[in-house]
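S.K.: Chains as they are written, first to last, in the numbering used here: chain B, -10 to 105; chain X, 173 to 287. Starting off with a structure, shown below.
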Amino acid sequence: SAVISQKPSRDICQRGTSLTIQCQVDSQVTMMFWYRQQPGQSLTLIATANQGSEATYESGFVIDKFPISRPNLTFSTLTVSNMSPEDSSIYLCSVEVRLELNTEAFFGQGTRLTVV
Amino acid sequence: AQSVAQPEDQVNVAEGNPLTVKCTYSVSGNPYLFWYVQYPNRGLQFLLKYITGDNLVKGSYGFEAEFNKSQTSFHLKKPSALVSDSALYFCAVRDLMDSSYKLIFGSGTRLLVRP
């Protein structure tokens, strides 16, 4: 298994500012992802955080708005840039862990962001 | 393209009664199916998964799910609901041939168990 620590757990931010969310895993993992959960909605994949290279973004998400860092196999950051109220969401870090016969996804507790 | 449908926004059951939360999926290859639960102000917790083998999968907290290939369904079930089961439940799918490991989530179903 994997234990994921996300910081901050919640924040209230002014529009136009940026917030960086940290994700720390207790073991080395190859696959690391960032998801967004808008109020009352399901989870949507923002990007795959690649170690040593640029993140792979899903349709509708761009690097300028959601820059991602992945300096090593246990840590990643997601920045929400130039925030607007529409960015108010829960942001979740996820990792894929190799088990004996397959893989399994583990999620952090999430960061609840409110933009005012 | 992969997709997941959870047709019910909310399911209401009385404590002690059986519960079912529905999920249907669409993938181009073989599915890798999951159920997750989200309690208020908490992250996602893994409940169970199906890859291959027995169509009835048993998971955490007494939950189980049945994989039905012909109906492309993976409904979550529990024989006797508890008030503490009240939460938001997400079904998710991955195509086993997809090397990106991306999960596609359903819209979620809120389960309310009344005493």
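The C-beta atom is built at its ideal place from N, Cα and C for all residues, glycine as well.
1) Does B:SER16 get closer than 7 Å to chain X when you measure Cβ to Cβ?
2) Would you grab the beta carbon distance between B:ILE79 and B:GLN26 for me? Rounded to a whole angstrom, and I think it's under 8 Å.
3) Report the residue ranges of all alpha helix (DSSP H) runs contained in full by the segment -3 to 61 of chain B; include only those spanning at least 4 residues, in chain order.
4) Compare the Cα-Cα distances from B:ALA94 to each of X:GLU236, X:VAL285, X:ASP270 and X:LEU216 and report the closest residue.
5) Cα-Cα, which of B:THR63, B:GLN11, B:ALA(-9) and B:GLY5 is closest to B:ARG101?
6) Can you tell me whether B:LEU88 is buried or exposed? The criterion is at least 16 other CB atoms within 10 Å of its CB, across all chains shown.
7) At a Cβ threshold of 7 Å, is B:ASN91 touching chain X?
8) From B:LEU34 to X:GLY188, what does the alpha carbon distance come to, in whole angstroms?
9) Looking only at its own chain, which residues have a Cβ that is under 7 Å from the Cβ of X:PRO179, when we skip the five neighbours before and after it?
10) In chain B, which residues lie less than 7 Å from X:GLY231 when you measure between Cβ atoms?
M.R.: Looking at the coordinates:
1) no
2) The Cβ separation is near 4 Å, so the contact holds.
3) none
4) X:LEU216
5) B:GLN11
6) exposed
7) yes
8) 36 Å
9) LYS194
10) Simply none; closest approach about 12 Å.
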